[in-house]
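Heads up: the sequence shown begins at 141 in the numbering used here, then just goes up one per residue.
Cβ coordinates follow ideal geometry from the N, Cα and C atoms, glycine included.
This one's a predicted model, so the numbers in the text were calculated from it and none came from an experiment.
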Amino acid sequence: MNKIIIVAIVTVSILLLLVFLGMQLNSEKQTQSIPTNSQITESDAKVHDAESILLLCDIDEYCIVKALRELSKQQDEQTIYDTISEVMVHIDQAGIFCHDQGHHIGSYLYAYTQDLKQALSVADRKCGGSMYHGIVENYFMSEVFFKRTNFDDVQIKDSCDQLLDDSQLLYLECVHGIGHGLVKAYGDIFSAVARCDEFETQYVQNQCQQGVFMQNAVEFYSTGGGVFDEDDLLYPCNKLDSKYAENCYYYHTSYILKKTLSASESFGQCDRITDEKQIQSCYRGIGRQLNTFVEQFQDVIYYCQTGNPEYHEFCFKGHIILVTDQLGVDKSFQTCHSYPEQFQVECFSYIGTWILLLNLSPDQIVKECKKAGEKYYNVCLQSTFN
141 MNKIIIVAIV
151 TVSILLLLVF
161 LGMQLNSEKQ
171 TQSIPTNSQI
181 TESDAKVHDA
191 ESILLLCDID
201 EYCIVKALRE
211 LSKQQDEQTI
221 YDTISEVMVH
231 IDQAGIFCHD
241 QGHHIGSYLY
251 AYTQDLKQAL
261 SVADRKCGGS
271 MYHGIVENYF
281 MSEVFFKRTN
291 FDDVQIKDSC
301 DQLLDDSQLL
311 YLECVHGIGH
321 GLVKAYGDIF
331 SAVARCDEFE
341 TQYVQNQCQQ
351 GVFMQNAVEF
361 YSTGGGVFDE
371 DDLLYPCNKL
381 DSKYAENCYY
391 YHTSYILKKT
401 LSASESFGQC
411 DRITDEKQIQ
421 SCYRGIGRQL
431 NTFVEQFQDV
441 IYYCQTGNPE
451 YHEFCFKGHI
461 ILVTDQLGVD
471 KSFQTCHSYP
481 EQFQVECFSY
491 IGTWILLLNL
501 SPDQIVKECK
511 KAGEKYYNVC
521 LQSTFN
């Protein structure tokens, strides 16, 4: 159980920072450049189904949301839900890191339903669960800025409970989204992260904290805001209580990488940290972000083996966490086989603990672990029982 908890702490919400995602979908259907939100006219947006939206917008999330708004003026609720589902299937299967798209579509879904329970019931975990993040974030925005609810009176503890009946993983994605929303509501991470303490277990508190710190980094990339200090690249993590710092460093590395533009210098910043677990988290965070800073997968392999050799394994852990969460188990098995041999056992073991979170039947678990190949099948399977 401890192993599952550790995995969930560093996986759920992994998500990748939306502004980093540079991978493009190669669409055979669209030969012209993707129109921006400002270029979409009212007549363009009056689409009738998911295929029309995708032909018009490809993976431009602003265009997709505007098209959905227009569609909602013409069609009933079930049609809107079905269209969202079809669009998400297309985006999720496109082989891209689609956190940004899922987040925006989730935000639209809450705006459309104006009902947290209904929006959560329609969403699913495609694109790394980012729909849940967008839904809950928009819920907080609505409660605070439109309904004028006092920040401290917005209920968070039981907001995601309905998802526990479906999947523990979905529940944790939702809690991660609460962290995003808290930053939007309070405008600073110190007040926001303190509210994560309202959840009863450290296990769940961690998911909320991660949402807070991910949103802080998103604020920097989207608006230049967030809580940072150019004169101290470890701030604010090094000023937070230790119970928050580990999760802070995991997402804060995106800021460090952006400022240094160097993996080796970023690892050097991690080495300034005095707490062992926080150093490990910092290296994991860099591993998570490397895919968005280098062009070739082999570059990830190279850079993860720079920095202090004592922590190389944590860089690889961060990378496989991202791949599994965003691209799925099949892709993560392929990735593990590409790692240096000394990191492969830990890699396949991680995938096993992830599979366990998916609430699969015993036969389905066996089927998934067989994808690891004969050499690592037992490593994967054993991890699902621990």
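Endpoints, alpha helix (DSSP H) assigned at residue i
i, result
"residue 434", "No alpha helix (DSSP H) holds residue 434; DSSP gives it neither H nor E."
"residue 493", "484-496"
"residue 195", "190-197"
"residue 502", "502-509"
"residue 219", "217-232"
"residue 203", "201-212"
"residue 237", "Residue 237 -> no alpha helix (DSSP H), and no H or E assigned at all."
"residue 351", "342-363"
"residue 471", "469-478"
"residue 517", "517-523"
Sequence-distant residues of its chain with Cβ nearer than 8 angstroms to residue i (five each side left out)
i, result
"residue 372", "378"
"residue 261", "302"
"residue 522", "489 and 492"
"residue 245", "201, 204, 205, 208, 224, 227, 228, 271 and 274"
"residue 254", "282"
"residue 506", "521"
"residue 399", "370 and 373"
"residue 338", "296 and 297"
"residue 524", "492, 493, 495, 496, 505 and 509"
Neighbourhood of residue i by C-beta, 6 angstroms cutoff - its chain only, sequence neighbours within 5 removed
i, result
"residue 454", "420, 423 and 424"
"residue 516", "488"
"residue 443", "403 and 430"
"residue 242", "267, 270 and 271"
"residue 447", "407"
"residue 509", "517, 520 and 521"
"residue 388", "353, 377 and 380"
"residue 355", "320 and 323"
"residue 279", "250 and 256"
"residue 445", "452"
"residue 409", "373 and 396"
"residue 375", "369"
"residue 221", "262"
"residue 511", "473"
Residues near residue i by beta carbon distance below 7 angstroms, same chain, minus five either side
i, result
"residue 304", "311"
"residue 167", "Interpretation of residue 167 is limited by its pLDDT of 32, a score under 50 that renders its predicted location unreliable; the figure taken from the coordinates is listed afterwards. So the list reads 198, once near-sequence residues are dropped."
"residue 483", "453 and 456"
"residue 194", "227 and 230"
"residue 463", "471, 472 and 475"
"residue 277", "247, 317, 320, 321 and 324"
"residue 418", "385, 386 and 389"
"residue 232", "238, 266 and 267"
"residue 412", "374"
"residue 433", "397"
Heavy atom of the ligand GDP within 7 angstroms of residue i beta-carbon
i, result
"residue 379", "Summarising the ligand content, the structure contains no ligands, and the ligand GDP is consequently not present."
Give, in chain order, every unbroken run of the alpha helix (DSSP H) that is at least 4 residues long and sits entirely within the stretch 376-451. 382-400, 403-411, 416-430 and 437-444
Run through the stretch 263-333 for me and flag every whole alpha helix (DSSP H) of 4 or more residues, listed as ranges in chain order. 270-281 and 308-326
Are at least three pairs of beta-carbons, each pair with one atom in the stretch 344-351 and one in the stretch 313-329, less than 8 angstroms apart? yes
Would the stretch 324-338 count as touching the stretch 289-298 if we require 3 or more Cβ pairs under 8 angstroms? yes
When you compare the stretch 475-484 with the stretch 495-510, are there three or more beta-carbon pairs, one atom per stretch, that lie closer than 8 angstroms? no
Under 8 angstroms: do the stretch 461-472 and the stretch 434-443 share three or more Cβ pairs, one atom per stretch? no
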